[in-house]
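>
2 protein chains.
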Amino acid sequence: MKFLTKNTDYAVRAIIELAIRGGSFIPASEISAKQDIPYQYLRRILQLLIKERVVTSREGASGGVKLKANPSEVDLVDIIKIFQGDIQLSECMFRKKVCSNRSKCVLRKRIKAIEEKVNHELEGITIQNLIDDIKEASNEKKNNKNR
Amino acid sequence: MKFLTKNTDYAVRAIIELAIRGGSFIPASEISAKQDIPYQYLRRILQLLIKERVVTSREGASGGVKLKANPSEVDLVDIIKIFQGDIQLSECMFRKKVCSNRSKCVLRKRIKAIEEKVNHELEGITIQNLIDDIKEASNEKKNNKNR
DNA sequence: CAAAACTGATACTAAACTAGTATCAGTTAA
DNA sequence: TTAACTGATACTAGTTTAGTATCAGTTTTG
Chain L
13 MKFLTKNTDY AVRAIIELAI RGGSFIPASE ISAKQDIPYQ YLRRILQLLI
63 KERVVTSREG ASGGVKLKAN PSEVDLVDII KIFQGDIQLS ECMFRKKVCS
113 NRSKCVLRKR IKAIEEKVNH ELEGITIQNL IDDIKEASNE KKNNKNR
Chain C
13 MKFLTKNTDY AVRAIIELAI RGGSFIPASE ISAKQDIPYQ YLRRILQLLI
63 KERVVTSREG ASGGVKLKAN PSEVDLVDII KIFQGDIQLS ECMFRKKVCS
113 NRSKCVLRKR IKAIEEKVNH ELEGITIQNL IDDIKEASNE KKNNKNR
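In structure tokens:
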């Protein structure tokens, strides 16, 4: 069971890169190099993020992409949804008939309950949170060195 | 994001069917009919369940399969693992290099935390729980009729 | 102004996974 | 002995995932 596809992973990392770099336009080639993401693949991911209005772009030389909102306003769950659709751990596979056979649905109900918890957990996380995590991790590293 | 594949869904339903029918050997054809699962597909699923020692089988006429343990001893999470592998919402996609780029790992950590919660939720559920759910649902139905 | 550095749009590929089908051999009960 | 079973395994089609490639258009810059 895979929660995050590479699409999502790359997208999040690209967004983090943009967030750290501030408000200027950054070319895809630079993000690709910094975050070690295949260039052409990243380009497609960025195009989707542009379409979904997470980032804006500028064409031409010294163009690139830039985050549209503050990192604290970009929710992780929204990025996931763009690339992987709604979080729906179990879909009713038997919509056609009336769900006469109950064993089909009890499992679904149980999974649905877990799904809601996952959603709730995810909804608390913004890109800013991830950036804070990075800073925290890098501070720990420094402290360990100075000891 | 799909939490349960059809494999798993079919397997769970087959096991529920076996559990309800008690300790005798039930042929795959019967489970297939009762639970509306494609016969050949079900056969392969059962063979895996046999290999994993969740059910036992008897060959020949009036043979079939039967649950090995009590329904209360069969954990949903084990069935999921048989068909979908370990629950690992986010795998480290970058094992080769040292994880120099921190933005890769903070996301993973966050997802890992959610993953653990999901695991914890799942671990509480046995086949017996699902059967109880079914009974409960069917009681509710009766009460509604008598009103 | 022309070249270089960009994005926009879109088509293509390979590999893996999912769901489902089919076949034949062997076993057992009636 | 034959019908009803499982064991083992091979095949197929469709979808998803990850990644590559190409060409057109735009904008900065030398």
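Protein chains in written order, with this note's numbering: chain L, 13 to 159; chain C, 13 to 159.
Glycine is no exception: its CB is placed at the ideal position from the N, C-alpha and C atoms.
Write down the C-beta distance between V24/L and L119/L rounded to the nearest angstrom, noting that I regard them as a contact closer than 8 Å.
The Cβ separation is near 31 Å, so there is no contact.
> Buried or exposed: E135/L, going by 16 or more other Cβ atoms within 10 Å of its Cβ?
When all chains shown are included, E135/L counts as exposed.
> Give the secondary structure of S44/C by DSSP, where H, G and I count as helix, E and B as strand, and everything else as coil.
It is helical.
> Return the first residue and the last residue of the beta strand (DSSP E) that L9/C is part of.
The requested residue 9/C is not part of the displayed model; chain C covers only 13 to 159.
> Give me the chain C residues within the contact set of L54/L, using Cβ-Cβ distance strictly less than 8 Å, ordered along the chain.
Simply none; closest approach about 14 Å.
> Under a three-way DSSP split, which group does A67/C fall into?
Before going on, a small fix: residue 67/C reads as Val here, not Ala. V67/C: strand per DSSP, three-state reduction.
> Kindly confirm or deny that the stretch 124–139 of chain L and the stretch 70–88 of chain L touch, where touching means at least three C-beta pairs closer than 8 Å.
Touching, yes, given that three or more Cβ pairs across the two stretches are closer than 8 Å.
> Run down chain C in chain order and give the residues with a C-beta less than 9 Å from the C-beta of K129/L.
Within chain C, the residues near K129/L are I126, K129, V130, E133.
> Considering only residues of the same chain and omitting the five flanking positions on each side of S84/C, which have a CB-CB separation below 7 Å?
Counting only Cβ-Cβ distances below 7 Å, and skipping sequence neighbours, we find T138, Q140.
> Which same chain residues, not among the five before or five after L12/L, have their C-beta less than 6 Å away from its C-beta?
Since the first residue of chain L shown is 13 and the last is 159, residue 12/L is not available in this structure.
> At the 8 Å Cβ level, is L30/L part of the contact set with chain C, yes or no?
Chain C contact via Cβ: absent.
> Apart from the five residues just before and just after F15/C, which ones in its own chain have a Cβ nearer than 7 Å to its Cβ?
Nothing listed; no residue qualifies.
> What does D90/C touch in chain L if you count any residue whose Cβ is under 9 Å from its own?
The premise fails here: D90/C is roughly 14 Å from chain L at the closest Cβ pair, so nothing lies under 9 Å.
> Which residues, in chain order, does the stretch 55–67 of chain C contribute to contact with chain L at a C-beta distance below 7 Å?
So nothing in the stretch comes that close.
> Would you say L16/L reaches chain C, if we count a Cβ-Cβ gap shorter than 8 Å as a contact?
Yes, its Cβ sits closer than 8 Å to a Cβ of chain C.
> What are the start and end residues of the alpha helix (DSSP H) that includes K18/C?
Run containing K18/C: 18–33, per the alpha helix (DSSP H) assignment.
> Could you name the residues that DSSP lists as bridge partners for D98/L?
According to DSSP, D98/L bridges with nothing at all.
> For a cutoff of 8 Å on Cβ pairs, would you count A73/C as touching chain L?
No, because no Cβ of chain L sits closer than 8 Å to the Cβ of A73/C.
> How many whole angstroms separate the CB atoms of K39/L and G72/L, which I take to be in contact at a CB cut-off of 8 Å?
Note that residue 39/L is Pro in the sequence shown here, rather than Lys. Between G72/L and P39/L the Cβ distance is about 11 Å, and since that is not below 8 Å, they are no contact.
> Measure from the C-beta of D145/L to each C-beta in chain C and report whether the shortest distance is under 8 Å.
Cβ-Cβ to chain C under 8 Å: yes for D145/L.
> Are K28/C and L142/C closer than 8 Å when you measure CB to CB?
Sequence check: residue 28/C is Ile here, not Lys. Contact flag set, yes.
> Out of R122/L, Q96/L, D145/L, which has the shortest C-alpha to C-alpha gap to I57/L?
Looking at the Cα atoms, Q96/L is the closest of the given residues.
> How big is the Cα-Cα spacing for A81/L and E128/L?
Cα to Cα, the separation comes out at about 27 Å.
> Between the C-alpha atoms of K18/C and P50/C, what's the straight-line distance to the nearest angstrom?
The straight-line gap from Cα to Cα measures roughly 11 Å.
> In chain order, what residues of the same chain lie with their CB nearer than 6 Å to the CB of R70/L, ignoring the 5 residues before and after it?
Same-chain partners within the cutoff: F37.
> Residues of chain C with CB closer than 7 Å to the CB of V9/L, please, in chain order.
The requested residue 9/L is not part of the displayed model; chain L covers only 13 to 159.
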